[in-house]
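Keeping their order, the protein sequence lines are chains A and B. For the first sequence, my numbering begins at 1 and goes up steadily by one. For the second sequence, my numbering begins at 224 and goes up steadily by one. For glycine and all other residues, C-beta sits at the position ideal for the given N, C-alpha and C.
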Amino acid sequence: MATQTVNRILRRYGNDPTDIIAILQDVQQAYRYLPRDVMETLSARLDIPLSRIYHLATFFRAFSLEPRGKHELQVCLGTACHVRGAPRILEALERRLKIKAGQTTSDLEITLETVNCVGACALGPVVVVDGNARGKLNPQRAERLLEPILPEAAPKRSKAKRPPAKAKRSGAPGKKKAPARKAKKKSTVGKAASSAAARPARAGKKVVAGKRAGKRTAKKAKR
Amino acid sequence: MEKIRSIEQLDGLRDRLGLKQGAVTRSLTFCAGTGCRAYGSMDVVEAFRKELKKRGLSRKVAVKTTGCHGFCERGPMVLISPEGIFYEQVAGKDVPEIVEKTILNHEVIDRLLYKDPKTGEPVPKEADIPFYRLQNRLLLGENLLIDPTSIEDYIARGGYRALAKALKQMRPEQIIDEVERSGLRGRGGGGFPTGRKWRSCREAEGEIKYVICNADEGDPGAYMDRSLLEGNPHMILEGMIIGAYAIGAQQGYIYVRNEYPLAVDHASQALKAARRHGFLGEDILGSGFTFDVKITRGGGAFVCGESTALMASLEGRPGEPRAKYVHTVDRGLFDMPTNLNNVESWANIPRIVLDGADSFAKLGTKGSKGTKIFSLVGKINNTGLVEVPMGMRLREIIFDIGGGIPDGKRFKAVQTGGPSGGCLPEERLDLRVDFDELAAAGSMMGSGGMIVMDEDNCMVDVARYFVTFLEEESCGKCTPCREGLRRMKEILTDICEGRGQKDAVEQLERLGRAMKAASLCELGRTAANPVLTTIRYFRDEYEAHITKKKCPAFVCRKLVHYSINPKKCVGCQACARACPAHCISGGKKKVHVIDQDRCIHCGSCFDACKFDAVKRK
């Protein structure tokens, strides 16, 4: 399964090593991060030293060595947004999600990031939620953006209205892993990049496996 | 689609397309740039399509989605032709009314018109709105007329005529002469004469030559390149093909930010359409010239806007710049002669070739010719993209076109040139904007970002913002930039948090001088500009932070203290509910008190209070 995806991406670029950045971008999109084993495969297939792929993976902002969340929140910190109060929006979201910019919630639901400018300056301050720009925010309105993607962020009164199936999905598979991942992240965040290299990859494997398991059980349940 | 081989064939196609488009008497044009899409313009477009279909008008009224119109503040907007009526902030619910009144009965709906802020009078026609009237929209104006996904639209507007002229009637040297004579200078920031660059690249020795379009628009707050590439990709492509022919290049690259998905999409579609029509590929227009273009997405690194870093990343290496002892026109991409120009520079080429250098050089100042697009953002009424002749006064751009500062606040500074530029104060508003004047004032043109700041912005905080940005984006290859920025950030953070040393300003100036002298690339050499210009023009603010431990604009959190005025507090509890630290006590209808030890200085209570009871000092 994993190799198929990588093969498809490599074919798209005709196995050209100069296209490595584009290839990594596609891998990032497919897996939501760069798994260690994929980087090893690319290194072997394109004849690029793993160290150089790692250099690229840590140089560019677009790449992540840790799995990113299902939903991506990008807080624009461009100058126009900054002078209109973007830092306070970031703070509000960090407080609400209990993570810092660049981190992912322990249930792998939401990744909070900052971007330099999305070019929607008239709408500033802007937050991009899963690719859709939302503008003219203040801290309160920014927190409200979380409601559709984070069940527990919804105001208490609307809790009852939420369909039970959805609540189950977001709770069950993620929660079990949560404590372990959280501990892991704490140990890697902020440390020298080299020490972070191996661990996220391993964690990644687990996540992929967990995902598959989740799918299987879902299928069973359907039957 | 048959490939076009000759000028006559192109003229024939244009005439046919013109007739077809002329047959449509009425049309609705929507801005579908990234900004307006975020406002929900595509939903409005859909609502119009449905409504027109319901009334059986689909064939009579054309619906067109175009790139960015520039007036981003007022989106979603619709332009109704041929009357030229402009409706702003249109919502789905307005659609039936517009169709009923304006389309069927030719009535103007006052409610949806732009109102002149000075007189309050509604302005029905787009051309009469001051924001548009005072500009000279040679490049951006085309955005309103063209569906960027349709090559037919571009050809009908006279597109690719310049390419035909260049390939069929001009020798490469003649094209370079023309570009050189036009006085066009690189629009990406450096302002290097484009014609001279082309000539050096043409004269350089190399079997293969490359041209690159730099669309890695990293300056935060600048988005003119995105709007051009998104709104009129064929114009840029045509410029590149002409440039490649003049230089003798066989392969081109468009290096575009990954954060601009719509631009990537439109540029990719443009490449395909151009190949189908024979404007790209082998034997272009039957001239024997062969050239093709590839799109590469950036990885989100600001430094990749620098030419050598960009080329490194095109080769699949990390985007680190190299020293330019050998110019990229001699040895650039894959060690071959490479000519890199910015999106806006390329966009100017077709016009120069078609209308001649003189018509281009008519506009502008002595050293800077033509028009320049600025993105006017921040604390400004008419946020958007403005295209004006070089040499217009800052005051005219900000107050006449931009409509001044919102909420009656006072203008404080305008930041030009992105993180490499500087902040200019009110005394400098009469400066005529061109490459040389801005540089003389300590700032720079950059790619054309203009961020307006009002009395609520703290200039030390702005300097810290840019230094933080650059410190993160510095590639770390050379020491002055890597370490200098880190130290600057520490010093500025100390100042913002009330720990500023007495000689902090002098330290910053000393660091700035060293970075300017010793850094490897322009990122490092210009990195100190925001700090040095804010010191130069706003030294009193630095002094207030350092000696009085006060932030005059109430931005630097650690220096702002909030308290509640018991005389004004009505006990509404709004502040207590808003406080994220839960440090405001006091029951309903009782005077509230902030626990200073637990206060995080976030200002939520100040924003929440409707009775002006929360004081800050």
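For A:Val27, the nearest beta carbon of chain B is not closer than 9 angstroms to its own beta carbon. Considered as a whole, the segment 700-772 of chain B harbours 702-719, 727-741, 745-749, 752-766 as its complete alpha helix (DSSP H) runs of no fewer than 4 residues, in chain order.
For A:Ala80, same chain residues with a beta-carbon under 6 angstroms away, outside a window of 5 residues either side, are Cys121, Gly124 in chain order. For B:Pro484, no beta strand (DSSP E) run applies; the uninterrupted alpha helix (DSSP H) run containing it begins and ends at 484-500, by DSSP. Counting every other CB atom within 10 Å of its CB across the protein chains shown gives A:Pro148 a total below 16, marking it as exposed. In the DSSP assignment, B:Phe634 forms a beta bridge with B:Asp677.
Distance between A:Gly85 and B:Leu386, taken at the CA atoms: about 46 angstroms. Less than 9 angstroms separates the beta-carbon of B:Glu453 from that of B:Ala486. A distance of 9 angstroms or more separates the beta carbons of B:Glu567 and B:Asp684. Between B:Thr519 and B:Tyr478, the C-beta gap is smaller than 9 angstroms, which places the two residues in contact. Taking all protein chains shown into account, A:Gly131 has fewer than 16 neighbouring C-beta atoms within 10 Å of its C-beta and is therefore exposed.
Near chain B, meaning a CB-to-CB distance below 8 angstroms, the residues of the segment 119-138 of chain A are Gly119, Ala120, Cys121, Ala122, Leu123, Gly124, Val126, Gly131, Asn132, Ala133, Arg134, Gly135, Asn138. Residues of the segment 51-75 of chain A with a C-beta less than 8 angstroms from any C-beta of chain B: Arg52, His55, Leu56, Phe59, Phe60, Arg61, Ala62, Phe63, listed in chain order.
One thing to note: B:Arg687 has its Cβ within 9 angstroms of the Cβ of B:Cys719. Here the alpha carbons of B:Arg821 and B:Gly414 stand approximately 52 angstroms from one another.
If only complete runs of 4 or more residues are kept, the segment 368-426 of chain B shows the alpha helix (DSSP H) at 374-379, 384-392, 395-405, 417-426, in order along the chain. Not flagged as an interface residue toward chain B: A:Pro35, since no C-beta distance is shorter than 9 angstroms. Assignment of alpha helix (DSSP H) within the segment 520-604 of chain B, counting only whole runs of 4 or more residues, yields 530-537, 566-578, 580-584 in chain order.
In terms of beta-carbon proximity, B:Tyr688 lines the interface with chain A, with at least one pair separated by less than 9 angstroms. A distance below 6 angstroms between beta-carbons, with the five flanking residues on each side excluded, links B:Ala831 to the following residues of its chain, in chain order: Ala797, Cys798, Ala801. Of the residues B:Lys592, B:Arg633, B:Glu649, the one whose Cα lies closest to the Cα of B:Arg618 is B:Glu649. Counting C-beta atoms within 10 angstroms of its own C-beta, B:Ala472 has 16 or more neighbours from the protein chains shown and is therefore classed as buried. Of the other Cβ atoms in all chains shown, 16 or more fall within 10 Å of the Cβ of B:Arg425; this residue is therefore buried. Here the C-alpha atom of B:Gly263 lies approximately 10 angstroms from the C-alpha atom of B:Gln312. Looking at the DSSP output, B:Arg616 sits in a beta bridge with B:Arg655. Note that the C-beta distance between B:Gln724 and B:Ile769 is below 9 angstroms.
B:Leu275 is positioned such that its CB atom lies closer than 9 angstroms to that of B:Val286. Under the DSSP assignment, B:Glu461 falls in the alpha helix (DSSP H) whose first and last residues are 456-470. Around the beta carbon of B:Pro703, 16 or more other beta carbons lie within 10 angstroms, which makes this residue buried.
DSSP, read as helix, strand or coil, puts B:Asp234 in helix. The residues Gly418, in chain order, have a CB closer than 6 angstroms to that of B:Glu403 in the same chain once the five nearest residues on each side in sequence are set aside. Between B:Asn455 and chain A, the shortest Cβ-Cβ separation is not below 9 angstroms. When the Cα atoms are used, A:Arg95 and B:Cys806 turn out to be separated by approximately 15 angstroms.
Contact fails between the segment 524-543 of chain B and the segment 491-508 of chain B, because fewer than three Cβ pairs, one in each stretch, are under 8 angstroms apart. For A:Pro49, the number of other beta carbons within 10 angstroms of its own is below 16, and it is reported as exposed. If you draw a straight line from the Cα of B:Leu240 to the Cα of B:Tyr377, it comes to about 10 angstroms.
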